[in-house]
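Just so you know, we're using this note's numbering here: the sequence shown kicks off at 558 and counts up by one. C-beta atoms are modelled at their ideal positions from N, C-alpha and C, and glycine is treated no differently. Quick caveat: nothing in here was measured; it's all calculated off a predicted structure. Quick notes on the structure that follows.
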Amino acid sequence: MTDQSELDRLEAEFTTAIGDALDEATLEDVRIAALGKKGRVSELMKGLGKMTPEERKEMGPKLNGLKDRLNEALAARKSALKEAALEARLATEKVDVTLPVRDSALEQGRIHPLSQVYDEVIAIFADMGFAVEQGPDIETDRYNFTALNFPEGHPAREMHDTFYFEPGEDGSRLLLRTHTSPVQARTMEAGKPPFRFVAPGRTYRCDSDQTHTPQFHQIEGLVIDEETHMGHLKWTLEEFLRAFFEVEGVELRFRPSFFPFTEPSMEVDVRCARLGNEIRIGEGDDWLEILGCGMVHPNVLKNCGVDPEKYQGFAFGMGIDRIAMLKYGIPDLRAFFESDLRWLRHYGFAALDVPTLAGGLSS
Ligand code: PHE
């Protein structure tokens, strides 16, 4: 027979252990220690069989009462632990639906203004039926100069501030193309007239200041057919510049100039207003040089296997960086190549806004 004080101590001990259990696994251990097969309360209950009927009558209800109270305490603690675990999970997993939606990477990324202008220019010329051609950045003297009617030793070669490679065994030097015009020669040589294409790409000259970088971009245009004349050239450039600057009243001025590969040669200025740091295209009474062009020299056609008695046409070349600066009011060309994220966020374009004539070039 166990006396009352011992039962009380047992009850107090388990009640405390139940209250102290901080998770369900510990609580289960307490239950087993008290009420499991070999638990302390269970052992006491096994002892009932050996008691006299009187003793059993007294101890039976006491032990059953103890067992019931411990079971109750266990159940209460278990549901309290469950609730606390849920509370804790809710607290960490809570979502504040009032927070603004964060931009995804696609929306944060920016298209470089040069890539944007590249795409705009190609979209406009593609709409006019021009193909896109390409050539290598590393060129031979022949394609960069000789085929384009630059005579050997002609001062025009010096005008280009060419980057040359070390001479090869035969003494010839490769170079970084100084303009996109070699693509004229390569494409004509490889194909058959008529030709109508633009050739955008990288170009290089040994030059660096606010409006010149050693590497820059040009877009070449070439149209060769049997009756292509200067009126076509003028119309093409006007149409292009109107579409590109998204200004109806673009006005051009053709000034006589010199390029070995065109005759006559012209430089084209656009009417603009200069207001402090700002340049507005299509208004005011200032002029800004924007591209070079002309009628393809018969020698160039001959050099590239095209019969100048039958075919004629025009060519033009334009600085992509330059027209990008003008259109988007970017004052310093060097910033294009500095990879400054703050600059890119300011001047860049949203990745999903692909320029098309129908959908808008730059909006
Ligand atoms: N290639 C010339 C330059 O870089 C531009 C040009 C191209 C001029 C085609 C006339 C015709 O300056």
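Which residue marks the beginning of the alpha helix (DSSP H) containing R743, and which one marks its end? For the purposes of this step, residue 743 is taken as residue 186 along the sequence shown, with counting starting at 1. Where R743 is concerned, the enclosing alpha helix (DSSP H) stretches over 739-747.
If you run the structure through DSSP and keep just helix, strand and coil, what is M685? Here the question's residue 685 lines up with position 128 in the sequence shown. Correct three-state label for M685: coil.
Quiz prompt | CA nearest to the CA of V853, picked from S599, M787, G606 | solution = Walking along the sequence shown from the start, residue 853 turns up at place 296. Out of S599, M787, G606, M787 has the C-alpha closest to the C-alpha of V853.
Note to self: Can you tell me where the alpha helix (DSSP H) holding Y761 begins and where it ends?
What the structure shows: Position 204 of the sequence shown, counted from the start, is the residue given in the question as residue 761. Careful: Y761 lies outside any alpha helix (DSSP H), inside the beta strand (DSSP E) at 752-761.
Straight-line Cα distance separating L794 from V674 = To locate residue 674, count along the sequence shown from 1; it is residue 117. To locate residue 794, count along the sequence shown from 1; it is residue 237. Our two residues, V674 and L794, have alpha carbons roughly 16 angstroms apart in a direct line.
- [ ] Would you tell me roughly how many angstroms separate the C-alpha atoms of T760 and G905, rounded to the nearest one?
- [x] Working through the sequence shown from its first residue, we reach residue 760 at position 203. Working through the sequence shown from its first residue, we reach residue 905 at position 348. T760 and G905 have their alpha carbons spaced roughly 22 angstroms apart.
- Task: On the DSSP bridge assignment, give the partners of W844 in chain order.
- Result: The residue given as residue 844 occupies position 287 in the sequence shown. The bridge partners DSSP lists for W844 are R828.
Own chain partners of L663 with C-beta closer than 8 angstroms, once the 5 adjacent residues on each side are dropped = Indexing the sequence shown from 1 puts residue 663 at position 106. Counting only Cβ-Cβ distances below 8 angstroms, and skipping sequence neighbours, we find A908, L909.
TODO: Confirm, please, whether the CB-CB distance from T703 to H717 is below 8 angstroms.
DONE: As a working note, residue 717 is residue 160 in the sequence shown. As a working note, residue 703 is residue 146 in the sequence shown. Taking a C-beta distance under 8 angstroms as the contact criterion, H717 and T703 do not qualify as a contact pair.
Nonlocal neighbours in the same chain, by C-beta distance under 7 angstroms from D684, ignoring five residues either side
By 1-based counting over the sequence shown, the position of residue 684 is 127. Hits under 7 angstroms: L914.
**Message:** If you reduce the DSSP assignment to three classes, tell me which class R837 lands in.
**Reply:** Within the sequence shown, residue 837 is the residue found at index 280, counting from 1. Looking at R837 - three-state DSSP - the assignment turns out to be strand.
- Message: Any contact between the stretch 812-829 and the stretch 842-852? By contact I mean 3 or more CB pairs, one from each, below 8 angstroms.
- Response: Contact between the stretch 812-829 and the stretch 842-852 is present, with at least three C-beta pairs closer than 8 angstroms.
* Asked: In angstroms, rounded to a whole number, what distance separates the CA positions of L579 and L638?
  -> The residue given as residue 579 occupies position 22 in the sequence shown. The residue given as residue 638 occupies position 81 in the sequence shown. Approximately 7 angstroms, taken between the alpha carbons.
Inset, instruction - Could you check the C-alpha separation between R597 and R659 for me, to the nearest Å? - result: Indexing the sequence shown from 1 puts residue 597 at position 40. Indexing the sequence shown from 1 puts residue 659 at position 102. For the pair R597 and R659, the Cα-to-Cα distance works out to about 59 angstroms.
With respect to the beta strand (DSSP E) encompassing I877, which residues constitute its N-terminal and C-terminal limits? Start at 1 with the first residue of the sequence shown, and residue 877 comes out as number 320. No beta strand (DSSP E) contains I877, which is instead part of the alpha helix (DSSP H) from 877-885.
- On the three-pair Cβ rule with 8 angstroms, is the stretch 856-871 touching the stretch 640-655? Three or more Cβ pairs closer than 8 angstroms define a contact, and the stretch 856-871 falls short of that threshold against the stretch 640-655.
Note to self: Quick test of the definition: if touching needs 3 or more C-beta pairs under 8 angstroms, does the stretch 762-777 touch the stretch 792-811?
What the structure shows: Under the 8 angstroms Cβ criterion, the stretch 762-777 does not count as touching the stretch 792-811, having fewer than three qualifying pairs.
Notebook entry, point to check: Would a C-beta distance cut-off of 8 angstroms place I776 and V755 closer than the cut-off?
Noted result: To locate residue 776, count along the sequence shown from 1; it is residue 219. To locate residue 755, count along the sequence shown from 1; it is residue 198. Contact: yes.
Q) Just how far apart, CA to CA, sit V807 and N860? A) Sequence index remark: in the sequence shown, residue 807 carries index 250 (1-based). Sequence index remark: in the sequence shown, residue 860 carries index 303 (1-based). Straight-line Cα distance between these residues: approximately 36 angstroms.
Original post:
Using DSSP with H/G/I as helix, E/B as strand and the rest coil, what is Y675?
Top reply: Translated into the one-based positions of the sequence shown, residue 675 becomes position 118. DSSP, reduced to helix, strand and coil, places Y675 within a helical segment of the structure shown.
| field | Contact test: H736 Cβ vs ligand 1 heavy atom, cutoff 7 angstroms | value | To locate residue 736, count along the sequence shown from 1; it is residue 179. Yes.
Can you look up D782 in the DSSP assignment and give me helix, strand or coil? Within the sequence shown, the letter at position 225 stands for residue 782. If DSSP states are grouped into helix, strand and coil, D782 belongs with the strands.
| said: Between L623, H789, T583, D843, which has its C-alpha nearest L567's C-alpha? | reply: Numbered from 1 along the sequence shown, position 10 holds the residue referred to as residue 567. Residue L623 is the option with its Cα nearest to L567.
Three-state secondary structure (DSSP) at G788? Stepping through the sequence shown from its first residue, residue 788 is reached at position 231. It is helical.
Provide the residue span of the alpha helix (DSSP H) that contains P712, from first to last. Walking along the sequence shown from the start, residue 712 turns up at place 155. Unbroken alpha helix (DSSP H) run through P712: 712-716.
Write down the C-beta distance between L544 and S599 rounded to the nearest angstrom, noting that I regard them as a contact closer than 8 angstroms. Absent from the model: residue 544. The displayed extent of the chain is 558 to 920, so no value can be given.
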